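J.: Protein chains in written order, with full-length UniProt numbering: chain A, 1 to 221; chain B, 1 to 221.
In this text, a Cβ means the ideal position worked out from N, Cα and C, and glycines have one as well.
What you are looking at is a predicted structure, and each value in this text was computed from that prediction instead of being measured.
1. Judging by CA-CA distance, which residue of 137/A, 196/A, 120/A and 191/A is the nearest neighbour of residue 220/A?
2. Determine whether the Cβ of residue 68/B lies closer than 8 Å to any Cβ atom of chain A.
3. Would residue 59/A and residue 32/A qualify as a contact pair, given that the criterion is a beta-carbon distance under 8 Å?
4. Quick one: is residue 129/A near chain B, going by C-beta distance under 8 Å?
5. Looking at the C-beta of residue 79/A, does it have a partner C-beta in chain B at a distance below 8 Å?
6. Could you name the residues of chain A that residue 91/B contacts, counting a contact when the two beta carbons are closer than 8 Å?
7. Answer with buried or exposed for residue 161/B, where buried requires no fewer than 16 other C-beta atoms within 10 angstroms of its C-beta.
8. Tell me, please, whether the CB atom of residue 53/A is closer than 8 Å to any CB atom in chain B?
9. Name the chain A residues whose beta carbon is nearer than 9 Å to that of residue 65/B?
10. Contact between the segment 165-175 of chain B and the segment 109-119 of chain B: three or more CB pairs below 8 Å?
11. Quick check: is the beta carbon of residue 72/A nearer than 8 Å to any beta carbon in chain B?
12. Over the uninterrupted beta strand (DSSP E) stretch that includes residue 65/B, give me the two end residues.
13. Looking at chain B, is there any beta carbon in it that lies within less than 8 Å of the beta carbon of residue 102/A?
14. Quick one: Cα of residue 104/B to Cα of residue 147/B, how far?
15. Does DSSP classify residue 220/A as helix, strand or coil?
16. Hey, quick one: how far does the beta strand (DSSP E) through residue 20/B stretch, first residue to last?
17. Does any residue of chain A have a CB that is nearer than 8 Å to the CB of residue 201/B?
18. Does DSSP put residue 215/A in a helix, a strand or coil?
19. Rounded to a whole number of angstroms, what is the C-alpha to C-alpha distance between residue 38/B and residue 49/B?
20. What residues in its chain sit with their C-beta under 7 Å from that of residue 127/B, if we drop five residues either side in the sequence?
21. On the criterion of 16 or more Cβ atoms from any shown chain inside 10 Å, does residue 1/B qualify as buried, or is it exposed?
22. Alpha carbon to alpha carbon, how far is residue 158/B from residue 102/B?
23. DSSP state of residue 34/B, grouped into three classes?
24. Going by Cα to Cα distance, which pick from 132/A, 5/A and 207/A is closest to residue 16/A?
25. Between which two residues does the beta strand (DSSP E) harbouring residue 7/B extend?
26. Skipping 5 residues on each side, what residues in its chain have a beta carbon closer than 6 Å to that of residue 203/A?
27. Just to confirm the assignment, what range does the beta strand (DSSP E) spanning residue 162/A have?
28. What residues match up with residue 60/A in a beta bridge as DSSP calls it?
29. Name, please, each residue of chain B whose Cβ falls closer than 9 Å to the Cβ of residue 99/A.
30. Within 8 Å, do at least three Cβ pairs link the segment 18-27 of chain B to the segment 188-198 of chain A?
31. On the DSSP letters alone, give me the boundaries of the alpha helix (DSSP H) that residue 92/B sits inside.
32. As a quick exercise: from 145/A, 149/A, 151/A and 180/A, pick the residue whose alpha carbon is nearest that of residue 135/A.
33. So, for residue 131/A: in the same chain, excluding its five sequence neighbours on each side, which residues have a beta-carbon less than 6 Å away from its beta-carbon?
34. Who does residue 146/B pair with in a DSSP beta bridge?
35. Please confirm whether residue 232/A and residue 72/A have their CB atoms less than 8 Å apart.
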């Protein structure tokens with residue numbers, strides 16, 4: 001990285017979407033500054049002006065130019081700092097990876113939210129749906145080390161941060177991911193052994209506290 | 001295109017998502033076969049086996065290898081047949097285009113659906129939201145000929161098919177897009193002058209009949 005480059009993340013420690021950006025930059029060996037946003041108080045002027053459409057973290061400011069939406073940011077990082085590549089070069093394999101990125105984006109966080117936001121019957125259903133989604137992902141993973149095959153790649157970067165919320169889902173849902181998806185659970189452990197991942201992912205107990213706080217704010221129990 | 005290539009679309013004439021694939025192939029000068037699916041009767045075995053996750057059109061089978069999710073397919077087409085390019089080569093501009101593709105994917109068709117699926121108060125609100133989204137797109141378009149600037153490109157391909165449903169929204173919603181978004185309306189007309197677009201987009205009256213049928217099937221009025 002040239003010494004002139006400015007790489008700033010408008011960040012929130014508990015956001016899986018922010019973690020994606022940090023892991024991608026770590027994988028590329030790109031240094032960055034992180035500026036923590038106060039999502040419960042007031043968002044910064046810089047966040048509001050950089051992402052006027054969604055007003056959400058993460059925003060990546062690269063030499064002052066803003067980017068938003070985490071999967072798009074990770075793609076940008078991959079193109080801007082090509083080594084090591086996070087996507088296959090074959091267009092078909094790349095499209096397959098993008099398909100699963102899109103699947104994960106559409107399904108996992110929302111299904112998890114349905115667990116911690118609900119009780120009783122609705123909770124049971126949310127749990128079933130969540131496990132079903134993980135089973136689909138487990139099938140894609142198969143016996144590979146990573147979604148990218150032997151190498152940790154784009155799909156892994158998109159998926160692994162979401163697992164930092166799993167302890168909270170497990171505690172509020174009364175289940176264990178490992179009991180249903182052993183290979184997926186092994187993949188989580190494998191990813192967390194990477195420095196690039198470990199230093200971007202917060203402690204699950206701390207995330208659990210955050211989710212407990214969100215439940216209170218949503219008037220649950 | 002090599003004469004050995006097989007390019008098959010599992011298609012439905014009224015689907016804006018299928019239209020995207022056809023426009024992209026037309027822009028690239030790639031010949032294709034289209035196989036119409038019976039979405040209201042039974043879907044083909046080929047569709048179910050090619051897209052087991054969503055079981056939806058469009059599917060592109062390129063030399064027998066299936067791809068799904070229209071924006072991902074258009075990206076694949078752009079990479080597989082590089083000329084003419086549909087995206088800017090600059091990673092930042094490419095990310096901006098991808099941001100708007102994602103925005104359009106998340107917002108426009110759903111907001112339109114909220115118009116034809118509702119009545120009374122809900123319809124009024126749906127209409128306001130729909131117009132608001134188009135105004136945001138109109139602002140992005142500015143005084144350019146296309147979302148891609150002077151050249152018709154990726155964002156245009158993603159957006160223009162959705163406008164084939166606008167007459168239905170207008171008729172069921174009692175409004176005119178042109179009254180609210182004159183520049184966006186001019187962009188629609190400009191796109192429809194392209195052969196690559198015109199031959200992939202059905203007559204709006206025919207789409208209106210389809211939406212009327214969908215309303216009946218949904219028990220509306």
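T.: On the basis of the supplied data:
1. 120/A
2. yes
3. no
4. no
5. yes
6. 76, 79 and 80
7. buried
8. yes
9. 92
10. yes
11. yes
12. 65-68
13. yes
14. 12 Å
15. coil
16. No beta strand (DSSP E) holds residue 20/B; the alpha helix (DSSP H) holding it covers 16-28.
17. no
18. helix
19. 15 Å
20. 115, 173 and 175
21. Confidence at residue 1/B is low in this model, with a pLDDT of 47, below 50, so its placement is unreliable and the value that follows should be read with caution. Residue 1/B comes out exposed.
22. 9 Å
23. strand
24. 207/A
25. 7-11
26. none
27. Per DSSP, residue 162/A belongs to no beta strand (DSSP E) and is neither H nor E.
28. 9/A and 67/A
29. 53, 67, 68, 69 and 72
30. no
31. 91-116
32. 180/A
33. 180
34. 149/B
35. A question about residue 232/A goes unanswered here, because the residues of chain A that appear run from 1 up to 221.
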